[in-house]
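Visitor: The structure is given below, and queries will be raised subsequently.
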Amino acid sequence: MKKLIVLAFIGLVAQLVDGALGMAYGVTSTSLLLLFGIAPAVASASVHMAEVVTTAASGIAHIRFGNVDRQVVIKLIIPGSIGAFLGACFLSNIPATFIKPYVSGFLLLLGIFIIYRFLLKSHPTQKIAEKKLTKKQSLPLGFIAGFLDATGGGGWGPIATPVLMTGNRMEPRKVIGSVDTSEFAIALSSTIGFLLTLGWSNISLQWVLALMIGGIIAAPIAAWLVKKLPTTLLGILVGGVIIITNMGTLLSTLKVPTIILTGTYSTLILFWIFAIFFVIRKVRKTKSSPN
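Shown next as structure tokens:
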């Protein structure tokens with residue numbers, strides 16, 4: 003019972019992050035599940051099965067608020083679904099002890115990327131001319147993001163969202179809405195792949211339900227949070243959690259001495275605190291400056 007409550011809390015936290023950032027539900031959930039000693043394939047399968055429900059709810063909300071470019075969703079769904087299915091099959095056939103450090107390494111890189119994007123990259127506020135997503139862009143983007151999402155337990159949002167924002171010149175709210183809406187198909191394809199390779203016996207439906215419940219509860223809270231907290235601050239918070247969590251997994255695998263482990267954690271936490279204060283100061287400065 004205690005474990006189910008923890009899993010529900012993980013789902014709640016992950017949905018809060020995803021609802022505010024438009025990314026990182028899978029990365030956050032999988033990172034925390036790996037920390038609890040759950041095998042990578044089972045962790046990713048559980049997260050994606052829960053995401054089938056949470057992404058459906060998110061997609062419906064985005065469509066109702068007009069945050070979706072339907073053409074972008076259609077172009078991303080097919081290559082993304084194929085990549086997610088193949089990624090699930092690939093992960094399920096690799097021994098957990100072998101793949102775990104690689105999965106953590108991938109998640110660590112995603113965490114660093116999130117920190118970099120929200121700490122150093124600024125989001126344009128002015129309206130810009132939109133540029134349509136072509137097949138040459140959507141096919142590799144969808145396939146790679148889908149494959150890495152399934153193998154890493156997260157990656158669809160962190161990869162697809164910034165690429166579309168920077169390379170496609172789409173309105174930010176439509177980027178987030180389109181990526182979240184298309185993620186339903188990615189989660190469904192990953193789940194099918196995991197069920198075919200892992201089977202029902204290796205997946206705890208109680209874990210999945212706990213993650214779902216936490217995510218459903220967090221959905222309206224996330225909508226409120228996104229109005230109150232700056233997106234950049236939330237990005238720094240989730241990036242720090244991902245980096246610290248997965249660095250611990252990698253260092254444990256390498257069996258580094260305790261003094262190095264302590265020093266690494268201390269350095270990362272200090273940098274994280276500095277980044278949080280830097281972003282808060284930057285936000286306050288922006289608000290106080292005259293338009």
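Take any residue in the sequence shown, note its place counting from 1, add 2, and you have its number in our numbering.
Each residue gets a CB set at the ideal place from its N, CA and C atoms; glycine is no exception.
In this text the structure is predicted, and so the values were computed from the model without any measurement.
(1) Give the single residue among Ser106, Gly28, Leu122, Lys176 whose Cα lies nearest to the Cα of Val281.
(2) Would DSSP call Phe67 helix, strand or coil?
(3) So, at 7 Å on beta carbons, what are the nonlocal neighbours of Gln128 in its own chain, with the 5 sequence-adjacent residues on each side left out?
(4) Which value, in whole angstroms, describes the spacing of the CA atoms of Thr163 and Thr32?
(5) With a CB to CB cut of under 8 Å and the five nearest residues on each side skipped, what residues in its chain are close to Val55?
(6) Is it true that the CB of Leu78 sits closer than 9 Å to the CB of Ser180?
(7) Considering only residues of the same chain and omitting the five flanking positions on each side of Ile244, which have a CB-CB separation below 8 Å?
(8) Can you name, in chain order, every residue of its own chain whose Cβ lies under 8 Å from the Cβ of Ile80, other than the five neighbours on each side?
(9) Tell me whether Val258 is buried or exposed, calling it buried when 16 or more other Cβ atoms sit within 10 Å of its Cβ.
(10) Is the region 82 to 97 touching the region 39 to 48 in the sense that three or more CB pairs, one from each, lie closer than 8 Å?
(11) In chain order, what residues of the same chain lie with their CB nearer than 6 Å to the CB of Ile246, ignoring the 5 residues before and after it?
(12) Is Ala86 near Gly195, with beta carbons less than 9 Å apart?
(13) With Thr136 as the anchor, note down where its alpha helix (DSSP H) starts and where it stops.
(14) With DSSP as the reference, label Pro164 as helix, strand or coil.
(15) Return the first residue and the last residue of the alpha helix (DSSP H) that Gly39 is part of.
(16) Is Lys289 close to the ligand SAM? I mean its beta-carbon at under 8 Å from any heavy atom of the ligand.
(17) Helix, strand or coil: how does DSSP classify Ser268 here?
(18) How about Gly148 and Ile84: are their beta carbons less than 9 Å apart?
Guide: In this structure, then:
(1) On the sequence shown, position 279 is the one that residue 281 refers to. Checking every option, the nearest Cα to that of Val281 belongs to Leu122.
(2) Position 65 of the sequence shown holds residue 67. If DSSP states are grouped into helix, strand and coil, Phe67 belongs with coil.
(3) Numbered from 1 along the sequence shown, position 126 holds the residue referred to as residue 128. Note that Gln128 scores 43 on pLDDT, short of 50, meaning its location in the model is unreliable and no value can be drawn from it.
(4) Translated into the one-based positions of the sequence shown, residue 163 becomes position 161. Translated into the one-based positions of the sequence shown, residue 32 becomes position 30. Thr32 has its alpha-carbon roughly 19 Å from the corresponding atom of Thr163.
(5) Counting from one through the sequence shown, the residue named residue 55 turns up at place 53. Cβ-Cβ distances below 8 Å link Val55 to Met214, Gly217, Ile218 in the same chain, with the five nearest sequence neighbours on each side left out; the list follows chain order.
(6) Walking along the sequence shown from the start, residue 180 turns up at place 178. Walking along the sequence shown from the start, residue 78 turns up at place 76. Result yes, Cβ atoms of Ser180 and Leu78 sit closer than 9 Å.
(7) Locating residue 244 in the sequence shown gives position 242, counting from the first residue. Within the same chain, and ignoring the five residues on either side of Ile244 in sequence, the residues whose Cβ sits closer than 8 Å to its Cβ are Ala26, Val29, Thr30, Ser33, Leu109, Leu110, Leu112, Gly113, Ile116.
(8) Counted from its first residue, the sequence shown places residue 80 at position 78. So the list reads Gly144, once near-sequence residues are dropped.
(9) The residue given as residue 258 occupies position 256 in the sequence shown. Looking at its Cβ environment, which holds fewer than 16 other Cβ atoms inside 10 Å, Val258 is exposed.
(10) The region 39 to 48 makes contact with the region 82 to 97; the number of CB pairs closer than 8 Å reaches 3 or more.
(11) Counted from its first residue, the sequence shown places residue 246 at position 244. Excluding sequence neighbours, Ile246 sits near Leu270.
(12) Working through the sequence shown from its first residue, we reach residue 86 at position 84. Working through the sequence shown from its first residue, we reach residue 195 at position 193. Yes. Within cutoff.
(13) In the sequence shown, residue 136 corresponds to position 134, counting from 1. In this chain, Thr136 is not harboured by any alpha helix (DSSP H), its DSSP state being neither H nor E.
(14) For the purposes of this step, residue 164 is taken as residue 162 along the sequence shown, with counting starting at 1. Helix.
(15) As a working note, residue 39 is residue 37 in the sequence shown. Per DSSP, Gly39 belongs to no alpha helix (DSSP H) and is neither H nor E.
(16) Although the ligand SAM was asked about, the structure shown includes no ligands whatsoever.
(17) Walking along the sequence shown from the start, residue 268 turns up at place 266. Helix, per DSSP.
(18) Against the sequence shown, residue 148 aligns to sequence position 146. Against the sequence shown, residue 84 aligns to sequence position 82. Closer than 9 Å, so yes.
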